[in-house]
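Presented below is the structure to which this report refers.
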Amino acid sequence: MAEITAAAVKAFRERTGLPMMDCKSALQEAGGDQDKAFELLRERGQQLMDKRSDRETAFGIFGMYIGTDKNTGAMVELLCESAPVTTNDEFLQLASDLAEQLATGPGASTAAELLAQPSPSKSGTTLGQQKDDLFNKIREVFNVGRMIRVEGATGGYLHHSATTAGVLVEIEGGNDAAAKDVSMHIAAMKPDALDADSLDAETVEKERGVLTKAALAEGKPENIVEKMVEGRMRSYFAERCLLAQPFVKDDKQSVEEYAKSHGMTVKAYHHWVIGENADA
């Protein structure tokens with residue numbers, strides 16, 4: 001077995017970030033060849049990851065690639081086993097790299113397709129290798145969850161709380177600060193839809209019917225009932241529809257009015273919360 005010096009082990013540990021004994025063992029098996037030892041560590045890590053693949057990943061963060069000056073935007077959910085990992089710099093970098101590559105690369109419809117693509121921050125490394133190397137350091141399972149890529153300018157906001165929420169807004173015009181303000185509003189107020197036309201038509205008609213019955217039961221004349229119902233429906237839409245909601249930072253104007261004051265049109269939004277499976 002090749003003689004491995006302490007200096008060689010130290011240098012290899014600095015490269016990999018793995019425990020000293022793991023580095024020494026791999027170097028010995030590889031005859032002192034660092035590249036070969038690195039691949040051995042990757043193989044061992046993959047075997048361990050396969051054994052732990054059924055572990056629950058209930059925590060995580062959203063990587064974002066956004067900007068009013070960009071032609072594409074993206075948001076990617078990166079899940080992990082424990083809350084402390086969500087503040088790890090390399091974990092945050094991986095989430096950011098996943099979103100950047102999704103937005104600026106050829107696109108991907110599955111996590112496997114995205115992970116096979118190159119990492120924006122680590123030359124010569126795929127995102128999958130970056131993910132596996134991080135597993136070797138932290139020894140937690142990571143899973144890529146939901147992901148979305150959109151064409152055109154975007155804004156966004158990442159909210160940390162007991163649960164982590166990510167908001168991506170599709171916009172025209174405006175600026176990054178205004179787009180972030182609207183995104184923060186979405187995270188706080190949790191609208192059901194962009195506007196009245198985006199709400200489920202059957203649910204809206206059911207609500208209109210309930211309000212009409214209630215107004216008739218009050219003994220109001222039919223010509224008054226229609227006006228009463230329309231007024232109450234405006235309140236209904238203002239509670240549920242983003243553009244009609246009073247803006248959280250200034251309730252004297254709606255979100256749509258705030259956006260227009262900054263020359264911005266909000267076209268769509270995506271509000272995700274870690275642990276949930278669909279837009280909320």
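In full-length UniProt numbering, the protein residues as written are 1 to 280. Just so it is clear, CB atoms sit at the ideal spot from N, CA and C, and this is done for glycine as well. As the structure is a prediction and not an experimental result, all values here were calculated from the model.
My guess is that residue i and residue j are in contact by the Cβ rule of under 8 Å, so how many angstroms apart are they, rounded?
{"i": "I61", "j": "G155", "result": "I61 to G155, Cβ: 18 Å. No contact."}
{"i": "T126", "j": "P118", "result": "6 Å"}
{"i": "Q101", "j": "L114", "result": "7 Å"}
{"i": "V210", "j": "I186", "result": "With 8 Å as the limit, V210 and I186 do not qualify as a contact, their Cβ atoms being about 27 Å apart."}
{"i": "V169", "j": "Y269", "result": "5 Å"}
{"i": "L242", "j": "L194", "result": "5 Å"}
{"i": "A103", "j": "A74", "result": "4 Å"}
{"i": "D97", "j": "S123", "result": "Not a contact, Cβ separation roughly 12 Å."}
{"i": "A188", "j": "I171", "result": "About 18 Å separates the two Cβ atoms, so there is no contact after all."}
{"i": "W272", "j": "A165", "result": "7 Å"}
{"i": "C225", "j": "A217", "result": "Correcting the residue identity first, residue 225 is Val in this sequence and not Cys. Their Cβ separation, rounded to whole angstroms, is 10 Å, which puts V225 and A217 out of contact at 8 Å."}
{"i": "residue 281", "j": "E256", "result": "Outside the modelled stretch of the chain, which goes from 1 to 280, sits residue 281, for which no answer is possible."}
{"i": "S254", "j": "P246", "result": "6 Å"}
{"i": "Y157", "j": "K180", "result": "5 Å"}
{"i": "V229", "j": "T212", "result": "5 Å"}
Here's the rule I'm using: 16 or more other beta-carbon atoms within 10 Å means buried, otherwise exposed. How should residue i be labelled?
{"i": "M1", "result": "For M1, the pLDDT reaches just 49, beneath the cut-off of 50, and the residue's location in the model is therefore unreliable, leaving the point undetermined."}
{"i": "M21", "result": "exposed"}
{"i": "R240", "result": "buried"}
{"i": "residue 291", "result": "No statement about residue 291 is possible, as the shown extent of the chain runs from 1 to 280 and does not include it."}
{"i": "N223", "result": "exposed"}
{"i": "R149", "result": "buried"}
{"i": "residue 288", "result": "With the chain covering 1 to 280 only, the question about residue 288 has no answer from this structure."}
{"i": "A30", "result": "buried"}
{"i": "P84", "result": "exposed"}
{"i": "K131", "result": "buried"}
{"i": "G219", "result": "exposed"}
{"i": "D197", "result": "exposed"}
{"i": "D251", "result": "exposed"}
{"i": "N136", "result": "buried"}
{"i": "A201", "result": "exposed"}
{"i": "A6", "result": "exposed"}
Going by the DSSP bridge assignment, what does residue i pair with across the sheet?
{"i": "D250", "result": "F247"}
{"i": "T59", "result": "For the record, residue 59 in the displayed sequence is Phe; it is not Thr. C80, per the DSSP bridge assignment."}
{"i": "G231", "result": "DSSP, once it has assigned bridges, lists no residue as partnering G231."}
{"i": "M75", "result": "M64 and I148"}
{"i": "Y269", "result": "V169"}
{"i": "M264", "result": "G173"}
Task: Completely contained alpha helix (DSSP H) runs for the stretch 175-206, where each covers 4 or more residues - done: Runs of the alpha helix (DSSP H) inside the stretch 175-206: 176-189.
Task: alpha helix (DSSP H) runs wholly inside the stretch 99-167, at least 4 long, in chain order - done: 111-115 and 127-138
- [ ] Flag this pair as touching only if the stretch 258-267 and the stretch 173-189 have three or more C-beta atom pairs under 8 Å; answer yes or no.
- [x] yes
Open item on the list: So, does the stretch 137-147 touch the stretch 75-90, judging by three or more C-beta pairs under 8 Å?
Closed with: yes
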